[in-house]
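What follows is one structure encoded as structure tokens, with my remarks underneath.
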Amino acid sequence: MLAYIIRRLILIVPTLFGIMLINFVIIQAAPGGPVEQVLAELEQVGGAAVDRVARGGADFAAVAQAPGERGAYRGAQGLDPEFIKELERRFGFDKPAHERFALMMRNYATFDFGNSFFRDRSVAELVIEKMPVSISLGLWTTLIVYLVSIPLGIAKAVRDGSRFDVVSSGAIVVGYAIPSFLFAVLLLVLFAGGSYWNIFPLRGLVSENWHELGTLDKVLDYLWHITLPVLSMVIGGFATLTMLTKNSFLDQIAQQYVITARAKGLPEKRVLYGHVFRNAMLIVIAGFPSAFVGILFTGSVLIEVIFSLDGLGLLGFEAAINRDYPVMFGTLFFFSLLGLVMNLVGDLMYTVIDPRIDFEARRA
Numbered sequence: 010m011l012a013y014i015i016r017r018l019i020l021i022v023p024t025l026f027g028i029m030l031i032n033f034v035i036i037q038a039a040p041g042g043p044v045e046q047v048l049a050e051l052e053q054v055g056g057a058a059v060d061r062v063a064r065g066g067a068d069f070a071a072v073a074q075a076p077g078e079r080g081a082y083r084g085a086q087g088l089d090p091e092f093i094k095e096l097e098r099r100f101g102f103d104k105p106a107h108e109r110f111a112l113m114m115r116n117y118a119t120f121d122f123g124n125s126f127f128r129d130r131s132v133a134e135l136v137i138e139k140m141p142v143s144i145s146l147g148l149w150t151t152l153i154v155y156l157v158s159i160p161l162g163i164a165k166a167v168r169d170g171s172r173f174d175v176v177s178s179g180a181i182v183v184g185y186a187i188p189s190f191l192f193a194v195l196l197l198v199l200f201a202g203g204s205y206w207n208i209f210p211l212r213g214l215v216s217e218n219w220h221e222l223g224t225l226d227k228v229l230d231y232l233w234h235i236t237l238p239v240l241s242m243v244i245g246g247f248a249t250l251t252m253l254t255k256n257s258f259l260d261q262i263a264q265q266y267v268i269t270a271r272a273k274g275l276p277e278k279r280v281l282y283g284h285v286f287r288n289a290m291l292i293v294i295a296g297f298p299s300a301f302v303g304i305l306f307t308g309s310v311l312i313e314v315i316f317s318l319d320g321l322g323l324l325g326f327e328a329a330i331n332r333d334y335p336v337m338f339g340t341l342f343f344f345s346l347l348g349l350v351m352n353l354v355g356d357l358m359y360t361v362i363d364p365r366i367d368f369e370a371r372r373a
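Quick note on numbering: the sequence shown equals residues 10 to 373 in the working numbering.
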């Protein structure tokens with residue numbers, strides 16, 4: 010097992026390098042960039058954008074957008090070419106693309122993610138500050154999804170083909186077909202002061218006077234704010250896990266050992282939860298780490314934007330809009346590394362749940 014873990018850890022390096030390279034090339038070819046962003050602000054608010062750049066103090070080398078031909082920026086007409094060159098130097102565009110990529114990867118190898126272009130703070134500080142919101146959403150969503158999906162999947166497997174199975178399958182299909190962000194908008198309209206009831210708050214994770222509340226009131230205020238975001242994410246997440254649980258149970262129920270246990274006269278509950286459950290839940294429980302990462306870093310992006318939750322999803326969205334490349338690439342590197350590690354943890358969970366699984370034996 011140790012050799013398998015070492016091989017997987019070594020494999021993370023080229024995989025992570027490939028992820029960063031592909032995204033670097035895509036951003037390289039995409040139009041726009043921080044220089045154009047500053048020039049656009051100059052057209053709107055005059056010299057305020059210049060002050061904004063001067064306050065940035067970022068490590069401008071770890072970026073990907075190529076400046077192209079000097080003076081070819083949109084909005085650069087009439088500006089001093091030396092000013093444009095200074096902007097390029099500050100944002101790191103005075104270096105060739107391959108040098109910028111090499112410098113970025115060398116810094117990231119030591120977990121030096123540089124500073125944000127426009128926030129005057131390091132990327133690491135921003136991620137640490139925003140992470141509790143996203144982790145809160147991810148944990149609650151994953152917990153509720155598993156608490157709902159596993160019992161529902163078992164009930165559907167036991168009652169396969171019954172009216173309950175058909176009706177619940179219809180509800181699951183509807184939930185799966187509605188995107189979580191669309192359901193979030195529907196919840197806002199219905200329950201957050203849209204056109205109907207004003208029961209839940211429109212935005213934020215806590216109230217403005219949260220620090221003035223008592224302990225119990227803080228908990229209740231937090232749960233009051235997080236209800237709609239979590240509910241909108243749960244709707245889109247429980248369908249797949251429910252059907253996976255059902256199919257896993259149906260596959261195990263048809264096995265010979267289940268037929269033998271029933272023939273011995275064992276109670277049905279003991280057959281299901283003493284024999285079938287462990288084998289059927291192997292793939293479901295072992296997939297918890299990767300499921301949590303998926304919910305945390307992909308499912309919450311639009312939800313955080315819609316509910317104005319100051320988490321990692323909103324941070325990434327604003328970074329993409331503002332072309333804040335250090336934040337974009339720094340968070341991409343961190344989350345990709347975390348996702349790869351969680352995939353390894355998920356594989357190791359198989360051996361924890363069922364010691365009979367031996368990856369070394371499979372390889373041999």
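For each residue, glycine too, the CB sits at the ideal point set by N, CA and C.
- In the DSSP assignment, S131 is bridged to N124.
- For N116, the secondary structure class from DSSP, reduced to helix, strand or coil, is helix.
- Annotation for I28: the continuous alpha helix (DSSP H) segment containing it runs 11–38.
- Residue pairing by DSSP places A201 opposite N207 in a beta bridge.
- Counting of Cβ neighbours within 10 angstroms places S204 among the exposed residues, the total staying below 16.
- By the beta-carbon neighbour count (other beta carbons within 10 angstroms, threshold 16), L341 is buried.
- Under the DSSP assignment, N352 falls in the alpha helix (DSSP H) whose first and last residues are 334–362.
- One alpha carbon belongs to F122, the other to A133, and they sit about 7 Å apart.
- Scanning its chain for C-beta atoms nearer than 6 Å, with the 5 sequence neighbours on each side dropped, one finds around L237 the residues L196, F209, in chain order.
- P160 carries a helical assignment under DSSP once its states are collapsed to helix, strand and coil.
- Here the segment 175–190 makes no contact with the segment 324–335; the two share fewer than three CB pairs at distances below 8 Å.
- When secondary structure is reduced to three states using DSSP, P141 falls in the helix class.
- Between the segment 161–171 and the segment 244–253, the count of Cβ pairs shorter than 8 Å is three or higher; the stretches touch.
- Remark: C-beta atoms of S241 and S189 approach each other more closely than 8 Å.
- When DSSP assignments are scanned along the segment 227–299, the uninterrupted stretches of alpha helix (DSSP H) that are 4 or more residues long and fall wholly within it turn out to be 265–272, 286–289, 291–295.
- When the Cα atoms are used, V154 and V243 turn out to be separated by approximately 6 Å.
- In the three-state reduction of the DSSP assignment, N218 falls in the coil class.
- Using a C-beta cut-off of 8 Å, the segment 205–225 makes no contact with the segment 98–114, since fewer than three inter-stretch Cβ pairs fall below that distance.
- I312 is classed as buried because its beta carbon has at least 16 other beta carbons within 10 Å across all chains shown.
- The three-state secondary structure of I153, taken from DSSP, is helix.
- Between S143 and L321 the beta-carbon gap is near 4 Å, inside 8 Å, which marks them as a contact.
- When DSSP states are grouped into helix, strand and coil, L321 belongs to the helix group.
- One thing to note: I262 has its Cβ within 8 Å of the Cβ of V285.
- Spatial neighbours of L346 in its own chain (CB-CB distance under 8 Å, excluding positions within 5 residues in sequence) are listed in chain order as I21, L25.
- Taking the Cα of D174 as reference, the smallest distance to any Cα among L349, N218, F192, M252 is reached at M252.
- Per DSSP, the unbroken alpha helix (DSSP H) holding G184 starts and ends at 172–186.
- Taking the Cα of N32 as reference, the smallest distance to any Cα among F110, R99, G355, G202 is reached at F110.
- Contact between L353 and R16 is absent: CB atoms are separated by about 10 Å, not below the 8 Å threshold.
- Taking the Cα of S257 as reference, the smallest distance to any Cα among Y266, Q265, N288, A272 is reached at N288.
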